[in-house]
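Protein chains: 4
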Amino acid sequence: MHKKRFALIGCGFIGQVHAANLATHPGVELVMLADADSTRASTLAGQMHCRAGEVSAAINSDNVDAVLIASATPSHAELLEAAARAGKAVYCEKPIDLSLQTAMRVAENVLHLNTKITVGFNRRFDSSHQQLKRLLDQGIIGRPELIQMVCRSSELPPLSYLQTSGGQMRDQAIHFFDLLRWLTGDEVTSIAAMGAALAMPAISKFGDVDTSVLIMQMQQGGLAQLDNTRRTGYGYDERICVMGEKGLAESGPQSPPGLKLFQDKTIIKQGVYPDWFSRVQGTYYQHLDAFVRYLNDEEVADLPGLLDGVQAQAIAEAAVLSLSTKRSCPIDKVI
Amino acid sequence: MHKKRFALIGCGFIGQVHAANLATHPGVELVMLADADSTRASTLAGQMHCRAGEVSAAINSDNVDAVLIASATPSHAELLEAAARAGKAVYCEKPIDLSLQTAMRVAENVLHLNTKITVGFNRRFDSSHQQLKRLLDQGIIGRPELIQMVCRSSELPPLSYLQTSGGQMRDQAIHFFDLLRWLTGDEVTSIAAMGAALAMPAISKFGDVDTSVLIMQMQQGGLAQLDNTRRTGYGYDERICVMGEKGLAESGPQSPPGLKLFQDKTIIKQGVYPDWFSRVQGTYYQHLDAFVRYLNDEEVADLPGLLDGVQAQAIAEAAVLSLSTKRSCPIDKVI
Amino acid sequence: MHKKRFALIGCGFIGQVHAANLATHPGVELVMLADADSTRASTLAGQMHCRAGEVSAAINSDNVDAVLIASATPSHAELLEAAARAGKAVYCEKPIDLSLQTAMRVAENVLHLNTKITVGFNRRFDSSHQQLKRLLDQGIIGRPELIQMVCRSSELPPLSYLQTSGGQMRDQAIHFFDLLRWLTGDEVTSIAAMGAALAMPAISKFGDVDTSVLIMQMQQGGLAQLDNTRRTGYGYDERICVMGEKGLAESGPQSPPGLKLFQDKTIIKQGVYPDWFSRVQGTYYQHLDAFVRYLNDEEVADLPGLLDGVQAQAIAEAAVLSLSTKRSCPIDKVI
Amino acid sequence: MHKKRFALIGCGFIGQVHAANLATHPGVELVMLADADSTRASTLAGQMHCRAGEVSAAINSDNVDAVLIASATPSHAELLEAAARAGKAVYCEKPIDLSLQTAMRVAENVLHLNTKITVGFNRRFDSSHQQLKRLLDQGIIGRPELIQMVCRSSELPPLSYLQTSGGQMRDQAIHFFDLLRWLTGDEVTSIAAMGAALAMPAISKFGDVDTSVLIMQMQQGGLAQLDNTRRTGYGYDERICVMGEKGLAESGPQSPPGLKLFQDKTIIKQGVYPDWFSRVQGTYYQHLDAFVRYLNDEEVADLPGLLDGVQAQAIAEAAVLSLSTKRSCPIDKVI
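So the sequences go chain by chain: C, D, Y and H. Each step along the first sequence adds one to the number in UniProt numbering, with nothing skipped, and position 206 is 206. Each step along the second sequence adds one to the number in UniProt numbering, with nothing skipped, and position 285 is 285. Each step along the third sequence adds one to the number in UniProt numbering, with nothing skipped, and position 82 is 82. Each step along the fourth sequence adds one to the number in UniProt numbering, with nothing skipped, and position 188 is 188.
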């Protein structure tokens with residue numbers, strides 16, 4: 001099998017995660033790194049034994065089969081479109097753009113080009129969410145009727161991050177809008193949200209929340225819930241419970257190996273994941289691997305496509321609207 | 001200590017539960033049973049070694065200190081008011097009345113009489129919910145920020161029951177509106193609900209749902225969630241998780257003693273509660289016991305009063321409104 | 001159904017437990033209490049609304065169908081034999097006698113009388129051990145190959161108790177020798193034991209241990225383990241795991257309802273049983289109920305008989321021998 | 001830091017595991033592979049991009065700093081001694097030799113050479129056993145009083161493997177003899193064992209067992225238990241519970257991420273480890289890493305040394321003796 005030649009754009013925290021995976025994957029050759037900050041690109045390129053180049057070179061080089069876009073969010077849309085027009089396959093970090101309108105326009109421009117594109121909803125590749133998807137597909141618990149999702153980050157991000165994140169709906173909840181669509185094979189038709197800035201009241205100045213609860217109506221009749229927090233006092237907590245007619249399946253708050261300590265009439269289970277990254281870390285590689293298999297024309301059922309990116313953003317947009325209007329928002333109102 | 005003399009009105013399923021508890025409690029003397037169906041009253045009276053009488057006698061007899069009202073819902077309000085006016089202490093099954101207006105009017109008529117009254121929110125006396133209340137009161141996890149409640153009955157009630165139940169909000173969810181107020185010591189200010197008739201589509205004809213998801217805004221800033229189902233494929237499931245600033249406490253899906261069976265790469269925990277009654281059964285006695293202590297002028301912190309009954313009904317009313325208007329409903333809109 | 005008339009001999013701690021059960025059971029009439037200390041008998045009789053009498057009257061009265069012997073251990077053998085000779089059914093607390101020889105002699109004297117007798121191995125009636133027995137009988141995990149039993153009391157008994165208890169093997173481990181025989185339907189053929197006085201070194205003066213580990217060979221080829229402690233730092237711990245060819249079933253360390261507390265990267269399960277009595281309390285009633293059904297000529301599979309008492313004691317005796325000889329001891333060496 | 005140059009001897013199953021780790025470790029250069037079967041060596045060398053050579057070259061080459069011996073057991077002792085005499089550091093798979101006498105002689109010959117040696121007790125590097133060791137060292141549960149260990153392989157190895165394995169004590173239990181010494185910092189003084197060939201009766205012909213239970217006396221007063229099976233019906237099961245004066249700590253039957261499925265009054269936890277290798281796989285790398293840190297003169301507390309290898313074998317030898325003599329065997333009887 002011919003190795004796929006990747007260029008990576010963006011050498012920040014998540015770019016470095018992708019770089020390590022690209023360097024390790026047996027079906028990938030990491031040929032070039034680029035970053036708006038060329039020093040940052042050179043440093044990482046040195047560690048990865050590949051070369052640093054201009055962003056434009058990364059997109060246009062004949063030596064490149066695929067571009068992985070992990071740069072700052074405002075640059076995603078333009079780079080995605082340019083890379084697709086240059087005939088490259090694209091792995092684009094989420095979101096496509098903070099503006100749903102822009103994301104939709106890019107999708108329109110790009111879809112007819114028939115390039116291979118995936119959007120960074122890596123949590124589809126969490127090993128227990130994958131098991132849940134298989135179990136649902138096999139019909140073991142019947143039609144999904146009530147989906148309960150929990151996404152609770154343990155450590156508050158810095159205010160600077162939150163200021164440019166697009167808000168809790170577009171930045172954090174969006175992963176679960178995608179997971180919900182993927183797991184059920186169904187679409188959200190309406191959403192209602194309530195939120196508050198409890199952990200960091202300062203963010204309410206720019207209209208953001210750090211604690212939120214959401215309910216959703218699905219097209220095939222089911223109902224869903226999601227709650228999000230930006231910090232907990234106990235570690236990272238991510239769960240998806242799907243109740244069907246015939247039972248309930250839970251992809252639970254996985255944890256690394258830990259002891260049980262019995263003391264003083266209690267049993268203490270040690271070892272909850274400290275933060276989101278320690279839980280989801282492995283999914284980036286799995287997502288990359290699925291994308292490479294797709295590039296090699298294998299059938300890959302779970303790969304999030306460009307329209308998945310748009311659709312999840314539309315739900316986030318409706319959630320934002322519901323937060324301010326205090327009424328449930330039909331998704332088709334924002335598309 | 002002088003035994004308190006009780007009359008029981010209502011000899012149906014829940015009346016029989018109360019009869020057994022009244023007969024067993026060392027501080028109670030069950031002096032009389034009454035029922036609209038006098039044969040049913042006589043039969044139960046025979047088993048309980050007490051006498052059967054007219055409803056009016058139960059309320060007015062000089063031999064009676066307290067009346068336990070477990071008759072059909074439409075009779076609650078009138079009996080409650082009559083018993084209070086007759087100077088009896090009253091334990092009234094929930095709801096006070098299916099109409100919030102009637103419930104509020106009864107409360108107004110009765111409160112100034114200073115009779116001792118409790119409303120049937122027995123789930124406050126679930127032993128693990130009680131532990132949760134203590135833990136919250138001690139401040140161990142700090143201010144409640146996100147409360148997640150699950151109430152899933154395992155077996156569909158018959159259509160005949162559902163037709164007169166007042167609907168899922170007033171009949172099932174109402175217990176959790178009360179638990180939420182009690183646990184947090186806070187008030188719900190706004191609620192949004194979505195629901196569907198998935199298990200028994202026929203009930204949608206009279207506007208009811210059997211599966212619902214709700215989100216609530218609390219006065220002190222916290223947020224809450226609740227989901228309800230009328231049947232599951234796996235047993236009875238009742239959970240309350242409270243996330244505070246410093247941690248999370250879960251009063252979980254308790255189960256009776258059961259085995260763990262390890263087979264074929266799985267661990268099977270046997271013994272989930274088959275239905276709601278097997279889980280909450282003991283709480284009726286605990287509630288009665290608290291009421292008796294109250295009658296003996298002890299301080300009893302957790303006893304649900306008449307206004308608790310009204311308040312929980314108001315939340316249920318707002319939830320019903322939200323289901324139809326598809327917008328969040330402030331509680332003060334229905335009071 | 002005619003109520004069975006019981007006399008209770010022994011009004012100490014465990015006698016009071018039995019008294020309460022005898023007073024509550026619908027198929028029982030508690031007619032008389034007796035105790036070497038007649039004041040103690042009178043006091044309890046007052047509470048139970050029955051009369052106090054002489055021990056000899058309890059055994060010989062025509063008004064008595066069955067005698068429950070809960071007196072001090074040294075009196076068990078004589079009372080058991082006398083009651084049986086007087087034609088009474090007998091429920092005798094374990095052990096029959098601290099001397100295996102005496103126990104065997106009593107059994108020989110009594111067995112041909114065909115009286116109905118049960119020995120106090122109440123833990124057979126623990127609800128999860130019962131479930132385990134059913135599961136084994138159904139063959140769900142196949143032939144038992146490796147049985148692991150844990151019996152760890154939480155609070156050290158006083159030295160005075162330990163001095164007359166007969167030692168850890170005859171007093172504590174003996175319940176599990178009986179459970180092992182009952183669950184497997186098999187016999188122990190050989191046992192090896194090691195022990196130490198770690199929690200209360202003083203008991204080594206009279207040859208006792210408070211911490212012990214035992215291994216056993218079963219007649220049909222399986223192997224078993226048992227460990228015992230007289231105190232833990234964490235609560236009461238009782239478990240039985242049976243591994244068969246096709247899987248493993250665990251009757252685990254059951255606990256009363258309790259919260260889960262998530263804090264600081266740990267999950268704290270609250271509510272382990274504080275002591276042995278809070279776990280096994282209910283089994284005394286279940287055992288009594290089975291005995292009453294037996295008196296009414298129902299078939300009762302799990303009732304421990306006189307020979308079960310002898311057999312478990314024989315294993316305990318062999319364990320004591322193994323502790324001192326430091327070699328495994330065949331059971332037929334002590335019988 | 002200078003990379004340590006390793007030669008690997010033995011290219012069978014476990015040799016291939018080591019080869020992959022040696023090729024990946026950043027502090028290691030895998031310079032040479034050797035195997036009695038030179039074709040097998042060449043094939044693996046091709047995959048690992050290193051060269052194949054003679055066993056003698058692997059031991060004597062100036063290009064080699066350390067030798068990892070993963071060849072057939074009968075060759076371990078000779079290769080270990082030769083490599084140590086040639087001045088190489090050595091990582092030797094367990095056991096040193098099936099004969100304790102030979103193992104002791106090699107140790108005597110080699111120890112004064114002051115070469116750096118580790119023996120393959122990789123399970124010390126299991127992440128939860130490591131946590132248990134830390135917790136014990138911190139004194140959180142006080143002095144170890146009762147240690148319970150379970151080692152149950154899921155799939156029967158082929159008869160051919162069992163015939164040359166040295167038996168369950170020397171091949172399987174030996175890891176736990178080492179873990180026991182390491183965790184407690186204490187020595188076993190006496191052991192008693194019972195065993196049976198239940199899963200594969202054929203092995204009893206050469207005196208082996210596939211199911212065994214063992215009890216041990218520790219020098220500082222504690223007691224220990226171990227059970228071993230060669231097959232289960234439910235997956236791989238490895239647990240270590242240490243009870244101290246102040247509590248109990250359990251390094252439990254870890255499992256990979258899996259779903260919880262609620263169905264039909266049961267909760268099914270999916271995803272027990274299918275076999276021993278999927279559980280312990282990662283420990284080989286951790287052990288190698290600790291060894292490399294040791295080669296770089298870091299202090300590495302947990303590394304099993306040559307005498308650890310001898311000591312664990314001595315316990316295994318005493319267990320074998322106890323199986324046949326049916327009496328407990330002091331360890332100093334076999335050394």
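No residue lacks a Cβ here, since even glycine has one placed at the ideal position from N, Cα and C. All of these numbers come straight from a predicted model, not from anything done at the bench.
Under 7 Å by beta carbon: chain H residues contacting residue i
{"i": "Q254/C", "result": "P257"}
{"i": "Q225/Y", "result": "V213, Q225, D227"}
Chain C contact residues for residue i, given Cβ-Cβ distances below 7 Å
{"i": "T266/Y", "result": "I268, K269, Q270, V272"}
{"i": "Q148/D", "result": "D227"}
Option nearest residue i by Cα separation, candidates the options
{"i": "K116/H", "options": "K4/H, T229/H, I315/H, G258/H", "result": "K4/H"}
{"i": "H112/Y", "options": "D186/Y, G258/Y, L307/Y", "result": "L307/Y"}
{"i": "L183/Y", "options": "G27/Y, P144/Y, P201/Y", "result": "P144/Y"}
{"i": "P253/Y", "options": "G247/C, S255/C, G221/C, K265/C", "result": "K265/C"}
{"i": "P74/H", "options": "G53/H, D97/H, T102/H, L136/H", "result": "D97/H"}
{"i": "P201/C", "options": "G247/C, L159/C, N21/C", "result": "L159/C"}
{"i": "A318/C", "options": "Q263/C, R123/C, M194/C, G305/C", "result": "M194/C"}
Amino acids of chain H, ordered along the chain, whose beta-carbon sits closer than 8 Å to that of residue i
{"i": "G247/C", "result": "L261, F262, Q263, D264"}
{"i": "E250/C", "result": "L259, K260, L261, F262"}
Cut-off 8 Å between Cβ atoms - residues of its own chain near residue i, not counting five sequence neighbours on either side
{"i": "D275/H", "result": "S153, S154, E155, G235, Y236"}
{"i": "G207/H", "result": "G167, S324"}
{"i": "L248/H", "result": "I141, C241, V242"}
{"i": "L79/D", "result": "I9, V55, I59, V67, I69, S71, C92"}
Chain-order list of residues whose beta-carbon lies under 6 Å from that of residue i (same chain, five-residue window excluded)
{"i": "M216/C", "result": "V188, I191, A224"}
{"i": "T211/C", "result": "A196, L198, T229"}
Cβ neighbours of residue i in the same chain (closer than 7 Å, five flanking residues each side left out)
{"i": "A314/H", "result": "L100, I331, V334, I335"}
{"i": "V17/C", "result": "Y284"}
{"i": "I14/D", "result": "A70, E93"}
{"i": "L8/D", "result": "G15, H18, A19, L22, L30, L33, L68, A70"}
{"i": "I84/D", "result": "Reading off the sequence shown, one finds Ala at residue 84/D, where the question assumed Ile. Within the same chain, A84/D has close Cβ partners V90, V110, L113, T115, I117."}
{"i": "residue 340/C", "result": "In the structure as shown, chain C starts at 1 and stops at 335, and residue 340/C therefore has no counterpart that could be examined."}
{"i": "E54/H", "result": "A34"}
Where residue i meets chain C, residues with beta-carbon distance less than 9 Å
{"i": "L137/D", "result": "Note on residue identity: the sequence assigns Asp, not Leu, to residue 137/D. Within 9 Å Cβ-Cβ: nothing; D137/D doesn't reach chain C, min ~18 Å."}
For residue i: DSSP bridge partner residues
{"i": "R327/H", "result": "R327/Y"}
{"i": "Q148/H", "result": "Q225/H, C241/H"}
{"i": "T211/C", "result": "A196/C, T229/C"}
{"i": "I267/H", "result": "K269/D, F262/H"}
{"i": "L33/C", "result": "L8/C, A52/C"}
Chain-ordered chain H contacts of residue i [CB-CB under 9 Å]
{"i": "Q131/C", "result": "P257, G258, L259, Q270, G271"}
Contacts of residue i in chain C (Cβ-Cβ under 8 Å)
{"i": "I141/D", "result": "G233"}
Below 8 Å between beta carbons is the criterion; list the residues of the region 275-308 of chain H that meet it against any residue of chain C, in chain order.
-> none
Short-range partners of chain H found in the region 310-329 of chain Y, where Cβ spacing is below 9 Å = S322, T325, K326, R327, S328
If contact means a Cβ-Cβ distance below 7 Å, which residues of the region 103-133 of chain H contact chain C?
-> S127, S128, Q131, L132
Between the region 230-241 of chain Y and chain C, which residues of the former have CB atoms less than 8 Å from a CB of the latter, in chain order?
-> T232, G233, Y234, G235, D237
Name the residues in the region 48-73 of chain H whose C-beta lies less than 8 Å from a C-beta of chain Y; which are they?
-> none
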